[in-house]
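Listed in order, the protein sequences are those of chains W and F.
Heads up: the first sequence is residues 1 to 251, going by the numbering used here.
Heads up: the second sequence is residues 252 to 486, going by the numbering used here.
For glycine and all other residues, C-beta sits at the position ideal for the given N, C-alpha and C.
This report concerns only the one structure given below.
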Amino acid sequence: MIHDMIAIVRDYWLLLLIGQYPNGPLGGLANTLILSALSIALAFPISILFAMARLSKAPLLRWPVTALVYFTRGVPLLMLILWSYFLVPLLTGADVPSFVTMLTTLVVYQSAFLSEVVRAGIVALGPGQMDASRALGHSYVGAMRYIILPQALYNMIPSILSTFVSTIKDTTLGYVINVPDLTFAASQVNNQLLTQPFQVFLILAIVYFAICWTLTYFANRLERRITRRRAGLLNVPAAVVTPSKIVSEQL
Amino acid sequence: MSGFDLSAILGNPEYAAMLLHGIEMTFIIYAGSWSLAMALALLLLAVRLSPFRFGDPLVAAYVSYHRNVPTLVQLMLWYFGIFTLMPNGVATWLASHNAEAIFAVIGLGLCQAAYFSEDLRSGVRSVGPGQMEAARALGHGYVSAMRFVIMPQGVRNALPPLINHSVSLFKNSSLAVVIGASELTHAVKEIENLSFRTFEIYLIGTVLYLFFSLVIMSIGAYLSMRADPARSARA
């Protein structure tokens, strides 16, 4: 059994790593990581805007974003993927690769979740920071830019890292619309071998575990460090500045 | 195919029956995996709370595996992997008894147990140690103190994350479509293939998921209120 798994890794490591590239589209683990990194990179700025909109006093900004966040959290990711699969080509009028469809879905989905993280970070700072910076002559934008966001985002680094872990796990659902990621590559390997599905999918599980566990481990260490550092820096009980733990989506 | 027309789907008895069957299967999978997860979570919690330390690393490994491997991959490992390793007789029996749904229940339930047990553990941990000491001083044995003093408070503390994760489990039941279970998402895709009314059927499917998620959330909110009216009023 172990021998079978070693043999599979030996024969198919390139396919699992980069898919059919350069003879086909980039795939495998590389694609999984690129897709996750891109969607977090794109979702991050959007989520800051969403969080500010949700904290704004203007109902016209607050309500649509709140509705979007609630909608995104109430519907399975799979349904959202199917929506994009049908809507994105319709709206752009072009033949869109499944990678782009998946990226669009993940950006919308993670923006909604990350905005909750950022919002929690801003709320956890307390109103005093904003009051003080306004009193010092900062405009709202200036206070956000120089006082609130740097602190809030620094506190949120561990939560952002765990959102990244959820994104890596979410990319597996691209399997449904044939995104050539790691899961897709593994099922290709399984289709070629036919006789060793358990071994193939066990390898798949181990690879995901190794990546996500490592990231989770660093997120936890970073969290302890940040809590300690901020507690020392501000000379207040750590609990006051500890970012409130968010319930990360669990796919 | 012209215009937006929900009745093209809801008015068609065949499609309506498919939708109803999908909803039914979704709820069977949800109820099955929820019960399995809760039973297992209580077992994992008992191991964690027991004075014997040797079970702890096992439970930690269990939780770590299920939290760091995507649920979809866990389902695939169960259905495509472990199913094929089963002895012939068992496999044939399962295949003729809706194996997809059974493995969806097993996969989702085992995965969810990890989340439920962590929720319960932090709920129980937030009950102060004085409660146990007081209960023991009043003459309760360990088991009876757990049963009547610690657990009721612990479960109440754990209610909010448990509700969140119950909603997640409901949404994750849609993953069962990947291993071929005929639940709601499956019905939606089938009807789309037959009717070509993509927009309408996705809208119906989405509204159904949203509706049931909200129902589960409000049941949860009601339970939290019942469990602790004072705290809910403050929150």
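Any chain F beta carbon closer than 9 Å to residue i
i        : result
W/ALA7   : no
W/GLY74  : yes
W/VAL47  : The sequence given here places Ser at residue 47 of chain W; Val does not occur at that position. Closer than 9 Å: no.
W/TRP213 : yes
W/PHE44  : no
W/MET102 : no
W/TRP63  : no
W/ILE168 : yes
W/LEU161 : no
W/ALA67  : no
W/GLN110 : no
W/PRO197 : yes
W/SER187 : yes
W/THR183 : yes
W/PHE201 : yes
W/ASN31  : no
Min CB distance residue i to chain W below 9 Å
i        : result
F/MET269 : no
F/PRO321 : yes
F/ARG225 : Any answer about residue 225 of chain F is impossible in this case: the structure gives chain F only from 252 up to 486.
F/MET402 : no
F/ASN349 : no
F/MET327 : yes
F/ILE470 : no
F/TYR281 : no
F/VAL314 : no
F/TYR266 : no
F/ASN423 : yes
F/TYR460 : yes
F/GLY254 : no
F/TYR393 : no
F/PHE450 : yes
Through-space distance from residue j to residue i, alpha-carbon basis
i        : j        : result
F/ALA465 : W/GLY74  : Rather than Ala, the amino acid found at residue 465 of chain F in this sequence is Leu. Taking the straight line from one Cα to the other gives about 7 Å.
F/GLN363 : F/LEU420 : 7 Å
F/ALA385 : F/VAL375 : 16 Å
W/LEU222 : W/ARG229 : 10 Å
W/ARG119 : W/SER159 : 12 Å
F/LEU371 : F/LEU336 : 34 Å
W/ALA67  : F/GLY456 : 18 Å
W/MET102 : W/VAL117 : 22 Å
W/ALA152 : W/LYS57  : 19 Å
W/MET1   : F/HIS416 : 35 Å
W/GLY126 : W/PRO59  : 22 Å
W/SER166 : F/SER446 : 35 Å
W/LEU149 : F/SER258 : 49 Å
F/GLY392 : F/PRO403 : 16 Å
W/GLY174 : W/THR92  : 20 Å
W/GLY24  : W/ARG62  : 44 Å
W/ILE157 : W/TYR217 : 13 Å
W/ILE168 : F/LEU291 : 27 Å
F/ASN263 : F/LEU294 : 47 Å
F/ILE333 : W/ALA219 : 32 Å
F/ASN349 : F/TYR330 : 12 Å
7 Å CB neighbourhood of residue i in its chain, flanking five on each side removed
i        : result
W/SER279 : For chain W, the structure presents residues 1 to 251; residue 279 of chain W sits outside this window and is missing.
F/MET233 : Only positions 252 to 486 of chain F appear in the structure, and residue 233 of chain F is not among them; the question remains open.
F/ARG318 : ALA365
W/TYR12  : VAL189
F/ALA478 : ARG407 and LEU410
F/MET289 : PHE367
W/TYR21  : GLY27
Own chain residues within Cβ distance below 8 Å of residue i, not counting five before or after
i        : result
F/LEU326 : PHE354, ALA355, GLY358, LEU359, LEU426, ALA427, VAL429 and ILE430
F/LEU296 : SER368, LEU371, ARG372 and VAL375
F/MET267 : Per the sequence presented here, residue 267 of chain F reads as Ala, with Met not at that position. So the qualifying residues of the chain are ILE260 and LEU261.
F/LEU323 : LEU426 and VAL429
W/VAL107 : SER39, LEU42, ALA43 and ILE46
W/VAL9   : LEU16 and ILE203
W/THR163 : ILE40, GLN110, PHE113, LEU114, VAL117 and SER248
Opposing strand residues paired with residue i [DSSP bridges]
i        : result
W/GLY330 : Absent from the structure is residue 330 of chain W, since the part of chain W shown begins at 1 and ends at 251.
W/GLY28  : W/ASP181
F/ILE254 : One point to set straight first is that residue 254 of chain F is Gly, not Ile, in the sequence displayed. In DSSP, F/GLY254 forms no bridge with anything.
W/GLY19  : W/LEU26
Cut-off 6 Å between Cβ atoms - residues of its own chain near residue i, not counting five sequence neighbours on either side
i        : result
W/ASN190 : PRO197 and VAL200
F/THR449 : GLU443
W/ALA185 : LEU15, LEU16, GLY19, GLY27 and GLY28
Task: Uninterrupted alpha helix (DSSP H) stretches inside the segment 138-163 of chain W (no shorter than 4 residues) - done: Correct list: 140-143.
Task: Every unbroken alpha helix (DSSP H) inside the segment 330-368 of chain F [4 residues or more] - done: Listed in chain order, the complete alpha helix (DSSP H) runs (minimum 4 residues) inside the segment 330-368 of chain F are 339-346.
- [ ] Kindly provide the ranges of any alpha helix (DSSP H) runs that are 4 or more residues long and lie completely inside the segment 435-465 of chain F, ordered along the chain.
- [x] Counting only runs of 4 or more residues that sit fully inside the segment 435-465 of chain F, the alpha helix (DSSP H) segments are 435-446, in chain order.
- [ ] May I have a chain-ordered list of the alpha helix (DSSP H) segments no shorter than 4 residues that lie completely inside the segment 262-316 of chain F?
- [x] Taken in chain order, the complete alpha helix (DSSP H) segments of 4 or more residues contained in the segment 262-316 of chain F are 264-300.
- [ ] Only counting runs of 4 or more residues, tell me where the alpha helix (DSSP H) segments fall wholly within the segment 43-124 of chain W, in order along the chain.
- [x] Correct list: 59-74 and 77-92.
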